[in-house]
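Asker: Before I ask anything, let me first share the structure, which is written out below as structure tokens.
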Amino acid sequence: MYSAGATGAQSAYARGASAQAAAQPAQQVQQQAQQQAQRIRVRNHYDILVGEGFRGTKRDRPTDRSLPPSLKRQVKESAVYADLQRMERKLDWTIARKRAELMDSMGKPPRVKRTLRVFVSNTCANQPFQLEQKDGGAAEELDGGDELDARTKEKAAQEVPSWTLRIEGRLLDPSFRSRAGAALSAQATASRIGAHKFSNLIKSCVVELERDPALYPDGGQGDVVEWHRPAPAVAPQPPVPGTGGSTATEHPLIHSAEPALDGFEIKRTGSVPVKAKIVLYPLYVPERYSVAQPLAQLLDVQEDTRAGVLSALWGYIKSRRLLDDNDHRVVRLDAPLQALFRTPTINFHHIPEVLHRFLHPPQPIVLEYVVHTDKAEHKHPFAFDIELEMDDWAVRTRQHNVLARFDANSATSNEIAALDEQIAQTAMTIRNRAAARQFFTSFAQDPQQHLHTWIASQARDLDTLLGTAHGGRGDGAGGVADFGAEEMRHAETFQGAWVNEAVIVTESQRLAQRLQELQSRPRAEAK
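Numbers 1025 to 1551, taken from the working numbering, label the letters of the sequence shown in order.
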């Protein structure tokens, strides 16, 4: 009985053990399948991230045009490419500096002196000598003895003696202009394209006539004639390049409601000579001022722009060393300046305000002329030249043309950009080929060490790309997982900058875990 019972129990135990053994492989297979599926999902996720990173890299155009230094040992000609790059950098720096200088100089265009030549003349009509000549000719036509026709006499009685005063001005071309430029200037002047006219070069013109009040009892109403430059209706337009030499060197015309004029005419009745006083106020750009006599003697400047007078005063202060030694913003005036400014010291930024009291409008140009009525046309024996300082638009036009060549949208710039992109693509291809050559050379020399190094490098690149740590020994924070067993044995490994980062990350993780435990504890106690 005992043996039979024992045998039955053993057989039952054996059947249970075999069933349990059969169930364990099924559970292991299921766990392995789940782990494999999890690994596949993680790998697919990483592949997506890596693919997006590579696609983003491909979308960006390469800009690095340098070659690897190791290429010089294999290809000696690569040193020539490095020399060309060095020359290109030097040329780019020079062009950028010149462009900055041009842009800075365009804000302060150079000035050139031009001459405005003024002509004064007068013509007569219906003067006694002219009527006598006309009557004499008519009498000869009527056989010299017949009387004039009644209508001819009536017409002669209606004709009143008169004279016309003409004031004309013309801007002379520079003497240094070439023949081609002079021809283009003449063509532009003939077509009135951008040519300077007299009314655009003066602000005002006043003519005073000295007529006998006994002969002209009108109270002197027509003895003073004034013309003032009208206010511009639109902003001034720059000269149009390529329309002629005159256009390139002249100041842009200021358009107004009235047309520009080459001169003025004043017509009056009379048959006796008349004295005329012509007062011209030239147009200065920028505005010029007449300096008060005491300050003009001190600075040796009679007339100049506001900036010119201030510059002369600054030169006087520097030459006399009038700046305060402790505070350079303060000027300690000497005796002549104290007599003018009536203060012992003055701040330099207050000088322009004080200097304004010593600046007055420039002196006008006065011309004397006598209107002659004994000839049909009389011209003044002299012409009057007025010196004007104007912007040198020839230089400015050349500067504009040079800057236009550096336009990013020009054909030359687009061609250079296309060549740069092609060079960058070629340089990237060369770098890839050089890296591949180095890779296979290292593999051929020591395959085992090369594979270990390559796998470690790939692991570090993947960690850098994904921002995580994979592989290696340990699960420490920072870069511990990126080191191999041999590197972990050396003390220098733990003296790098990554140690501080690892400590910060580890402590942050520990504090976060502790905070989570403290937050979850009240919930457990409440339950």
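For each residue, glycine too, the CB sits at the ideal point set by N, CA and C. Computed from a predicted model, the values in this text were never measured in an experiment.
1. Alpha carbon to alpha carbon, how far is residue 1152 from residue 1196?
2. Determine the extent of the beta strand (DSSP E) in which residue 1436 is found, giving its start and end residues.
3. Rounded to whole angstroms, what's the CA-CA distance from residue 1473 to residue 1103? Just pull it up for me.
4. Given this structure, state the Cα-to-Cα distance separating residue 1076 from residue 1129, to the nearest angstrom.
5. For a test of the three-state rule: what should DSSP assign to residue 1514, helix, strand or coil?
6. Tell me the residue span of the beta strand (DSSP E) that contains residue 1305.
7. How many angstroms separate the CA atom of residue 1308 from the CA atom of residue 1379?
8. Rounded to whole angstroms, what's the CA-CA distance from residue 1255 to residue 1142? Just pull it up for me.
9. Mind reading off the beta-carbon distance from residue 1411 to residue 1188? Whole number of angstroms is fine, and I expect it under 8 Å.
10. Name the two residues that bound the continuous beta strand (DSSP E) containing residue 1141.
11. Return the chain-ordered list of same chain residues with a C-beta closer than 7 Å to the C-beta of residue 1420, the five sequence neighbours on each side being excluded.
12. Whole angstroms is fine: what's the gap from residue 1437's alpha carbon to residue 1430's?
13. Taking the C-alpha atoms as reference points, what is the distance between residue 1343 and residue 1386?
14. To the nearest angstrom, report how far apart residue 1372 and residue 1340 are at their CA atoms.
15. Could you tell me which of 1444, 1310, 1091, 1154 sits nearest to residue 1415, measuring between CA atoms?
16. Touching or not, the region 1218-1235 and the region 1285-1301, by the rule of three or more beta carbon pairs under 8 Å?
17. Please confirm if the region 1112-1124 is in contact with the region 1480-1487, defined as three or more CB-CB distances below 8 Å between the two stretches.
18. Fully enclosed by the region 1325-1381, which alpha helix (DSSP H) runs are 4 residues long or longer?
19. Rounded C-beta distance between residue 1226 and residue 1253? I'm assuming under 8 Å.
20. Go ahead and label residue 1223 buried or exposed: buried means 16 or more other beta carbons lie within 10 angstroms of its beta carbon, across all protein chains shown.
21. From which residue to which residue does the beta strand (DSSP E) around residue 1024 run?
22. DSSP state of residue 1122, grouped into three classes?
23. Going by beta carbon distance, what residues of the same chain come within less than 8 Å of residue 1127, once the five residues before and after it are set aside?
24. Considering only DSSP beta bridges, list what residue 1290 is partnered with.
25. Alpha helix (DSSP H) containing residue 1412: first to last residue?
26. Hey, would you say residue 1191 sits closer than 7 Å to residue 1144, going by beta carbons?
27. Between the alpha carbons of residue 1315 and residue 1306, how many angstroms are there, rounded?
28. At which residues does the beta strand (DSSP E) containing residue 1233 begin and terminate?
29. Between which two residues does the beta strand (DSSP E) containing residue 1312 stretch?
30. For a test of the three-state rule: what should DSSP assign to residue 1195, helix, strand or coil?
31. Between residue 1533 and residue 1477, what straight-line distance do the alpha-carbon atoms span, to the nearest angstrom?
32. Could you pull the start and end residues of the alpha helix (DSSP H) that residue 1391 belongs to?
33. Quick check on this structure: which residue in 1185, 1137, 1146, 1136 has the alpha carbon closest to the alpha carbon of residue 1154?
34. With 16 other CB atoms within 10 Å as the buried threshold, where does residue 1216 fall?
35. For residue 1146, count the other beta carbons within 10 Å of its own beta carbon; 16 or more makes it buried, fewer makes it exposed. Which is it?
36. Relative to the alpha-carbon of residue 1369, which residue among 1359, 1111, 1354 has its alpha-carbon at the smallest distance?
Answerer: Answer, in terms of the structure:
1. For the purposes of this step, residue 1152 is taken as the residue at position 128 of the sequence shown. For the purposes of this step, residue 1196 is taken as the residue at position 172 of the sequence shown. If you take the alpha carbons of residue 1152 and residue 1196, they lie about 38 Å apart.
2. To locate residue 1436, count along the sequence shown from 1; it is residue 412. Not the beta strand (DSSP E): residue 1436 falls in the alpha helix (DSSP H), residues 1435-1469.
3. As a first step, residue 1473 is located in the sequence shown; it is residue number 449 there, counting from the start. As a first step, residue 1103 is located in the sequence shown; it is residue number 79 there, counting from the start. Taking the straight line from one Cα to the other gives about 32 Å.
4. Here residue 1076 refers to the residue found at position 52 of the sequence shown. Here residue 1129 refers to the residue found at position 105 of the sequence shown. Note that residue 1076 scores a pLDDT of 49, beneath 50, so its modelled location is shaky; the value from the coordinates is reported in the next line. Each residue's alpha carbon lies about 50 Å from the other.
5. Looking up residue 1514 in the sequence shown gives position 490. Reduced to three states, the DSSP call for residue 1514 is coil.
6. Translated into the one-based positions of the sequence shown, residue 1305 becomes position 281. Note, residue 1305: beta strand (DSSP E), 1298-1306.
7. Here residue 1308 corresponds to residue number 284 of the sequence shown, with the count starting at 1. Here residue 1379 corresponds to residue number 355 of the sequence shown, with the count starting at 1. Those two C-alpha atoms are separated by around 20 Å.
8. Taking the first residue of the sequence shown as position 1, residue 1255 is located at position 231. Taking the first residue of the sequence shown as position 1, residue 1142 is located at position 118. Rounded to whole angstroms, residue 1255 to residue 1142 spans 23 Å at the Cα level.
9. Mapped onto the sequence shown, residue 1411 falls at position 387. Mapped onto the sequence shown, residue 1188 falls at position 164. Not quite, the Cβ-Cβ distance comes to about 29 Å (not below 8 Å), so this is no contact.
10. As a position in the sequence shown, residue 1141 is number 117, starting the count at 1. It spans 1135-1149 - the beta strand (DSSP E) in which residue 1141 sits, taken as one unbroken run.
11. Along the sequence shown, one-based indexing puts residue 1420 at 396. Taken in chain order, the residues that qualify are 1130, 1133.
12. Sequence index remark: in the sequence shown, residue 1437 carries index 413 (1-based). Sequence index remark: in the sequence shown, residue 1430 carries index 406 (1-based). Approximately 7 Å between the Cα atoms of the pair.
13. In the sequence shown, the residue the question calls residue 1343 occupies position 319. In the sequence shown, the residue the question calls residue 1386 occupies position 362. Cα to Cα, the separation comes out at about 28 Å.
14. The count along the sequence shown starts at 1 and reaches residue 1372 at position 348. The count along the sequence shown starts at 1 and reaches residue 1340 at position 316. Cα to Cα, residue 1372 sits roughly 13 Å from residue 1340.
15. Mapped onto the sequence shown, residue 1415 falls at position 391. Ranking the options by Cα distance to residue 1415, first place goes to 1310.
16. yes
17. no
18. 1330-1344, 1359-1365, 1375-1379
19. Walking along the sequence shown from the start, residue 1226 turns up at place 202. Walking along the sequence shown from the start, residue 1253 turns up at place 229. Sure, about 7 Å apart at Cβ, within 8 Å.
20. Numbered from its first residue, the sequence shown carries residue 1223 at position 199. With 16 or more other Cβ atoms within 10 Å, it is buried.
21. Residue 1024 is absent from the structure shown; the chain starts at 1025 and stops at 1551.
22. Numbered from its first residue, the sequence shown carries residue 1122 at position 98. Of the three classes helix, strand and coil, the one that applies to residue 1122 here is helix, per DSSP.
23. By 1-based counting over the sequence shown, the position of residue 1127 is 103. Cβ within range, chain order: 1427.
24. Within the sequence shown, numbered from 1, the residue matching residue 1290 stands at position 266. Beta-bridge pairing links residue 1290 to 1189.
25. One-based indexing of the sequence shown puts residue 1412 at position 388. Unbroken run through residue 1412 is the beta strand (DSSP E), 1408-1415; no alpha helix (DSSP H).
26. Residue numbering aside, residue 1191 sits at position 167 when the sequence shown is read from its first letter. Residue numbering aside, residue 1144 sits at position 120 when the sequence shown is read from its first letter. Cβ distance < 7 Å, so residue 1191 and residue 1144 count as in contact.
27. For the purposes of this step, residue 1315 is identified with residue 291 of the sequence shown, where counting begins at 1. For the purposes of this step, residue 1306 is identified with residue 282 of the sequence shown, where counting begins at 1. The straight-line gap from Cα to Cα measures roughly 17 Å.
28. To locate residue 1233, count along the sequence shown from 1; it is residue 209. Residue 1233 -> beta strand (DSSP E) spans 1226-1234.
29. Your numbering for residue 1312 matches position 288 in the sequence shown. 1312-1315 is the extent of the beta strand (DSSP E) around residue 1312.
30. Your numbering for residue 1195 matches position 171 in the sequence shown. Note: residue 1195 maps to strand in three-state DSSP.
31. Position 509 of the sequence shown holds residue 1533. Position 453 of the sequence shown holds residue 1477. So the two alpha carbons sit approximately 31 Å from each other.
32. The residue labelled residue 1391 in the question sits at position 367 within the sequence shown. Looking at the DSSP string, residue 1391 is not in any alpha helix (DSSP H); the run it does join, the beta strand (DSSP E), is 1389-1395.
33. The residue labelled residue 1154 in the question sits at position 130 within the sequence shown. Considering only alpha carbons, the answer is 1185.
34. For this step, residue 1216 is matched to residue 192 along the sequence shown. Confidence at residue 1216 is low in this model, with a pLDDT of 45, below 50, so its placement is unreliable and the value that follows should be read with caution. Looking at its Cβ environment, which holds fewer than 16 other Cβ atoms inside 10 Å, residue 1216 is exposed.
35. Along the sequence shown, one-based indexing puts residue 1146 at 122. Its Cβ being crowded by 16 or more others within 10 Å, residue 1146 is buried.
36. In the sequence shown, the residue the question calls residue 1369 occupies position 345. Minimum Cα distance to residue 1369 is reached at 1354.
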